[in-house]
Amino acid sequence: MDKPVRISLVLGSGGARGLAHIGVIRWLEENGFEIASIAGCSMGALVGGIHAAGKLDEFEQWFLAIDRMDILRFLDISWRPSGLVKGDKIIDTLVELVGDRTIEELPVPFTAVAANLDTGKEVWFQSGRLFDAIRASISLPFFFTAFDYKGQSLVDGGVLNPVPIAPTFRDHNDLTIAVSLGGEPEQLPASTAPQHELDSPLQEIAAKISGFFKDLSIGDLDQTRKELGIYEVALRSFDAMQNTIARQKLAAYPPDFELEMPRNICETLDFHLAEQMIEFGYQRAQERLGKLKGP
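Going by the working numbering, the sequence shown opens with residue 235, and the numbers climb by one from there.
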């Protein structure tokens, strides 16, 4: 019997587009590939870490079962200018789902990449508490507050390295496959393109914040939306920045195979499009990686 093709899988950052990583992993597993190590950044670290813990099935089922209002309930507003959301609720929920694991005990070697605001350098988590690593790596500037880890202020690794190839350099696997979420926009078929809704997640957050203040008789939904419009511009600017950095990094350190997702498949915070994103990732892997089919 042929041995499976062992791969180092690199999962890039890109907000809700990162749910496509689940579909890619599904396709790889169904087609004779063994994911022998994972390096991930931001949403790539979240999906990759949960897969390394052997809990991707539970995570996928949970994500598909929640709706937009459920997602809003997981957002613990920080009320601080450093970020809209503290992130404690979502991390506590994921710990309940996956278990409070350490990276050392995972059956698949795993690296999560974050960025240190004080030193301007990457931080690689290859040991310690899994969800400390994930919380640091997903700390999207302007949205999540920075993660305080041993006196360091850590944010989303996409600031410095959105598709972290370097942690796989010492792997002795057959192939390195990198999944980038910042590909050129495409004209997507109607059957494939996600159906965006008029209100963005930030507008829904605005309504949530304004509702809180309205209870105190100081609410102004229109003003709150205007203020959060600044965050939306900042998020889009960050997305554009990390897409540029990703292209430069991948040109300097090309993997054996790069699988690109077009950046217009959804917005950064469109997590309610989970089903479409997972299916898109699966189909894109089928289209672009089919020639790599394992034994």
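Backbone N, C-alpha and C fix where the C-beta goes; we use that ideal spot for every residue, glycine too.
All figures in this text were calculated on a predicted structure; none of them were measured in a lab.
Quick one: give me the first and last residue of the alpha helix (DSSP H) that residue i is part of.
i	result
I241	Taken as a continuous stretch (DSSP letters only), I241 belongs to no alpha helix (DSSP H), being part of the beta strand (DSSP E) at 239 to 245.
T327	322 to 332
D366	364 to 371
F293	290 to 299
D304	302 to 307
Y383	Not the alpha helix (DSSP H): Y383 falls in the beta strand (DSSP E), residues 381 to 383.
E521	508 to 523
E492	E492 -> not in any alpha helix (DSSP H); beta strand (DSSP E) instead, spanning 491 to 496.
So who's on the other strand from residue i, going by DSSP bridges?
i	result
V389	A349
T336	R363
G274	L245, A346
F267	V239
V319	I311, F378
E356	A349
Can you tell me the Cβ-Cβ gap for residue i and residue j, rounded? I've got them flagged as a contact below 8 Å.
i	j	result
P496	P419	5 Å
K377	V319	Correcting the residue type first, residue 377 is Phe in the shown sequence and not Lys. Right, the Cβ-Cβ distance comes to about 6 Å (below 8 Å), so this counts as a contact.
A508	L262	So it is not a contact: roughly 19 Å between Cβ atoms.
P489	I399	6 Å
V258	G515	5 Å
Is the Cβ-Cβ distance between residue i and residue j less than 7 Å?
i	j	result
I269	L243	yes
F381	L388	yes
I372	L245	no
A273	T402	yes
G391	A349	yes
Q289	V357	First, the residue type needs correcting, since residue 289 is Lys and not Gln in the sequence shown. No, the pair does not count as a contact, with Cβ atoms beyond the cut-off.
G416	A480	yes
G282	S247	no
Among the residues of its own chain, which have a CB less than 6 Å from the CB of residue i, if the five just before and after it don't count?
i	result
L493	V413, R522
A294	Checking the sequence shown, residue 294 turns out to be Glu, not Ala. Closer than 6 Å at the Cβ level, and outside the excluded window around E294, lie I256.
G524	none
I324	F308
D504	A250
D449	Residue confidence is low: D449 scores 45 on pLDDT, short of 50, so the model does not pin down where it sits. Its coordinate-derived value is still stated next. Hits under 6 Å: none found.
K237	none
Kindly list the residues whose CB is nearer than 7 Å to the CB of residue i, restricted to its own chain and excluding five residues on each side of it in sequence; keep chain order.
i	result
R240	E268, A270, N407, D408
L432	Here L432 scores only 43 on pLDDT, less than 50, and its place in the model should not be relied on; the value that follows carries that caveat. None.
V329	F365
D352	Q386, S387
Quick check on the DSSP output: the beta strand (DSSP E) that includes residue i runs from which residue to which?
i	result
G417	409 to 417
F376	376 to 378
With a threshold of 8 Å on Cβ separation, who are the neighbours of residue i within its own chain once the five nearest residues in sequence on each side are excluded?
i	result
S451	Low confidence applies to S451: its pLDDT is 43, below 50, so where it sits in the model is not reliable, and the reading given next is rough at best. Result list for S451: empty, nothing under 8 Å.
S361	T336, I337, E338
Within the 7 Å Cβ cut-off, does residue i reach chain C?
i	result
G354	Within the model displayed, chain C is absent; a lone protein chain is all it includes.
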